[in-house]
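Remarks on the structure that follows.
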Amino acid sequence: MRNIGRIFVFCIVCILFFTLPVFGDFSISRMRFEPVSIAVWLKTAKNPPLEKLVEASLAFSGVPDTSLAVYTEKMDRIITEVKTRFKGREKTKELADELLVFLHEKYLKRYSENETLINTLLDKGLYNCVSSAVFYMLAAHALDISVSGVLTSSHAFCLVTIDGKQFDVETTSKYGFDPHGKREFLDEFGTQTGYVYVPPTNYRDRTTIGQIHLLTLILNNRIALAGTKAKLDEAFSAAVDMFEVLQSDEAFRTLSGTLSNISLDAVKRKKYEDGLEVMDKAVFAFREFPELAEVRRLYILDWAGGLVNANKPDDAEEVALRMVATGKISQDDLHILQMYIAFKRAEIISKKGEHHTALEIIEEAIKTLGSTDELQHARTTYTKNTVIEYITKKDYPASRTLLDEAQKTGVLDKRAYEELLVYYYLKKAEDPAKQKLFRDAVEVLNKGLKYLPKNNKLFKAGAAYAYNHAAGLLREKRFDEAEEFLSDVNLTPYMELSKRNELWVYFYTEKASIEKTENGYFPAARILHQGIMKLGKLSQLVKTYEIYIHNGVVSLIDDKRFGDAEKVLIDAIAVLPASSTLKKDLETVRRMMQ
Numbered sequence: 002m003r004n005i006g007r008i009f010v011f012c013i014v015c016i017l018f019f020t021l022p023v024f025g026d027f028s029i030s031r032m033r034f035e036p037v038s039i040a041v042w043l044k045t046a047k048n049p050p051l052e053k054l055v056e057a058s059l060a061f062s063g064v065p066d067t068s069l070a071v072y073t074e075k076m077d078r079i080i081t082e083v084k085t086r087f088k089g090r091e092k093t094k095e096l097a098d099e100l101l102v103f104l105h106e107k108y109l110k111r112y113s114e115n116e117t118l119i120n121t122l123l124d125k126g127l128y129n130c131v132s133s134a135v136f137y138m139l140a141a142h143a144l145d146i147s148v149s150g151v152l153t154s155s156h157a158f159c160l161v162t163i164d165g166k167q168f169d170v171e172t173t174s175k176y177g178f179d180p181h182g183k184r185e186f187l188d189e190f191g192t193q194t195g196y197v198y199v200p201p202t203n204y205r206d207r208t209t210i211g212q213i214h215l216l217t218l219i220l221n222n223r224i225a226l227a228g229t230k231a232k233l234d235e236a237f238s239a240a241v242d243m244f245e246v247l248q249s250d251e252a253f254r255t256l257s258g259t260l261s262n263i264s265l266d267a268v269k270r271k272k273y274e275d276g277l278e279v280m281d282k283a284v285f286a287f288r289e290f291p292e293l294a295e296v297r298r299l300y301i302l303d304w305a306g307g308l309v310n311a312n313k314p315d316d317a318e319e320v321a322l323r324m325v326a327t328g329k330i331s332q333d334d335l336h337i338l339q340m341y342i343a344f345k346r347a348e349i350i351s352k353k354g355e356h357h358t359a360l361e362i363i364e365e366a367i368k369t370l371g372s373t374d375e376l377q378h379a380r381t382t383y384t385k386n387t388v389i390e391y392i393t394k395k396d397y398p399a400s401r402t403l404l405d406e407a408q409k410t411g412v413l414d415k416r417a418y419e420e421l422l423v424y425y426y427l428k429k430a431e432d433p434a435k436q437k438l439f440r441d442a443v444e445v446l447n448k449g450l451k452y453l454p455k456n457n458k459l460f461k462a463g464a465a466y467a468y469n470h471a472a473g474l475l476r477e478k479r480f481d482e483a484e485e486f487l488s489d490v491n492l493t494p495y496m497e498l499s500k501r502n503e504l505w506v507y508f509y510t511e512k513a514s515i516e517k518t519e520n521g522y523f524p525a526a527r528i529l530h531q532g533i534m535k536l537g538k539l540s541q542l543v544k545t546y547e548i549y550i551h552n553g554v555v556s557l558i559d560d561k562r563f564g565d566a567e568k569v570l571i572d573a574i575a576v577l578p579a580s581s582t583l584k585k586d587l588e589t590v591r592r593m594m595q
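Counting from 2, one number per residue, gives the positions in the sequence shown under my numbering.
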């Protein structure tokens, strides 16, 4: 709603619609499931007398029975004063305008957005668009002026009909009679203050409502305000009265909405039984409306679901069974909850590392509740976890049995099966590897490669274990075993040529080193010569071979055995014809022989 010029101060924000409350508390003892008597009376009334309208305005404002007489008397005095002041006046638009000014000057003291109650207006003079509209309507009714209400998306005001003509009345301002028709205004001292024009499009969403409907806007605002203040019991009681009077779809949505908010609050605060009592009483009070039974049903599902989420699946199942036994939820609901409970039980036990028990829970759920995509997915997940659990515990037979069975029954697809099978062989090979039994580890992986002949992870692990085994044999000088192992054709899939050559070089150089210590350079050089013949002229073998021949020749020269030295060098150069070191040694020996 807009301000009009510099004088009109209208109701900028009127509540008018129910909103979701902040969570609060509620008291069942303060809740009414039956409407107040005046609401029941108004439901069938067509032209209610003024005293009934006054009674409704006070009752709908929440005035208790003990105070009703006091406020009725206050309102009666105002009505008497209005009748006396305007006695004998004709019903004209001027009279309707003067009435608005009079009420503002005498009773309507200050606009306050949330002050929607008639008793607050009577006590303090505070008002908003709804309470001022109702107040004006009651006073105009006393003068036999025809008044109805107008409702927009964010505002309420009155509509006066005189001699067939209708005039809007913005009751929040004493200048609010027929605002569209006024062009200039005077302040309190008679000075012109300016001009204003209010285009009709401001009220294009307007709906004309009767006097009774206008009264229920008090209830509507109370519901919204009670919601924002977390007074859910008050909101519900007001919604009961509003629905009783209007009997409209919108009023019923407001009623069921307040009930839903109470259910949300009960679940949030874990006041489950209190929430159920409210739901039961509401369903009974409005038993002709199955929609409220649906609100209760959703509440129960939220309740049980909340217990499941709180890791209390047993409590959730007890609630579900009790509710289905009393007909408050269906067998289908129970079925869904039991599946959810099975998921949670499996999840709880799985977090403790007992994946096999979680799998048993899911398997049992499939048997008793039937198979669903969700249960099958859980079955696959816990099957994987159980296989890993068995492998971790080194129960390899159990893990392999479960793995193969899951593959046969389709619980695991090919990819999942192969991934777990790789994990199975890798972990199984780790056990002997940790004891440095690398050959045993390689044999385990060999078995794995029979099933997965192209698996890179198995190849890499096998290569590492084979390398470690051969290196260990060589460090321990177990050359015969090392040679046998390195010559094993089963190593071929594992080790790249460079890795195997590295081990062979290690084999020949280490064996030659020992031979040199025990028998001299030339026997050691013969071992290196074997390596060169087997592996080719690898730099480390060539360099060591040259050193051993050179050092052996030096010894022969020292012994004046030039002929033997020449023969050794000729044979060595035949092995390494490009060796400049050996050629220089031969030249040196031949010079010495001259």
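Cβ coordinates follow ideal geometry from the N, Cα and C atoms, glycine included. The structure presented is a predicted model; accordingly, all values stated were derived computationally and were not measured.
Do the CB positions of residue i and residue j come within less than 9 Å of each other?
i, j, result
"N222", "N115", "yes"
"K455", "D432", "no"
"R207", "L122", "no"
"I350", "I337", "no"
"I163", "T209", "no"
"F508", "E547", "no"
"T384", "A407", "yes"
"A573", "S581", "no"
"M496", "A525", "no"
"I486", "R440", "According to the sequence provided, residue 486 is Phe. The question's Ile does not apply to it. A contact, by the Cβ cut-off of 9 Å."
"A513", "Y549", "yes"
"L160", "L51", "no"
"S364", "R380", "In the sequence on display, residue 364 carries Glu and not Ser. Cβ distance < 9 Å, so E364 and R380 count as in contact."
"Q212", "L54", "yes"
"E56", "T81", "no"
"T387", "L376", "no"
"L215", "F237", "no"
"L43", "V246", "yes"
"A305", "V320", "yes"
What are the residues that DSSP puts in a beta bridge with residue i?
i, result
"V148", "V161"
"R111", "L127"
"I617", "Nothing about residue 617 can be read from this structure; the chain reaches only from 2 to 595."
"F178", "V170"
By DSSP, does residue i sit in helix, in strand, or in coil?
i, result
"F103", "helix"
"F61", "helix"
"V197", "Unreliable positioning characterises V197 in this predicted model, as indicated by a pLDDT of 45, which lies under 50. The coordinate reading is nonetheless provided below. The answer is coil: DSSP assigns V197 none of H, G, I, E or B."
"V170", "strand"
"S331", "coil"
"L459", "helix"
"N312", "coil"
"V71", "helix"
"D481", "helix"
"M594", "helix"
"K585", "helix"
"K94", "helix"
"F34", "coil"
"N120", "helix"
"Q248", "coil"
"F87", "coil"
"K353", "coil"
"S372", "coil"
Just checking my contact of residue i with residue j at CB under 8 Å: how many whole Å lie between their CB atoms?
i, j, result
"V148", "H142", "7 Å"
"L438", "A471", "In fact, because the Cβ distance is near 13 Å, the residues do not count as touching under 8 Å."
"G242", "V37", "The sequence given here has Asp at residue 242, not Gly. About 6 Å; that satisfies the 8 Å criterion."
"P314", "R346", "5 Å"
"V555", "L570", "Not confirmed; about 11 Å, so no contact."
"L100", "Y128", "That pair is no contact at about 15 Å."
"K500", "A464", "6 Å"
"L299", "L260", "Rounded, the Cβ-Cβ distance is 10 Å, inconsistent with contact."
"A97", "F158", "With a Cβ gap of about 13 Å, A97 and F158 do not count as contacting."
"L422", "Y452", "6 Å"
"S62", "I119", "5 Å"
May I ask you to check if the CB of residue i is nearer than 8 Å to at least one heavy atom of the ligand HEM?
i, result
"G258", "Only the bare structure without any ligand can be found here, which leaves the ligand HEM out of the picture."
Hey, does residue i have any beta-carbon neighbour from chain D nearer than 9 Å?
i, result
"D250", "This model lacks chain D altogether, as it is built from one protein chain only."
**Message:** At 4 residues or longer, what runs of the alpha helix (DSSP H) sit wholly inside the region 259-290?
**Reply:** 273-286
**Prompt:** Curious, which full-length alpha helix (DSSP H) runs of at least 4 residues does the region 387-448 contain?
**Reply:** 397-410, 415-435
**Request:** With a floor of 4 residues, list each alpha helix (DSSP H) that falls wholly inside the region 531-580, ordered by position along the chain.
**Result:** Correct list: 540-559, 563-576.
**Request:** Write down every uninterrupted run of the beta strand (DSSP E) in the region 494-536 whose length is 3 residues or greater and which is fully enclosed by it, in chain order.
**Result:** Those beta strand (DSSP E) runs which fall completely within the region 494-536 and span 3+ residues do not exist here.
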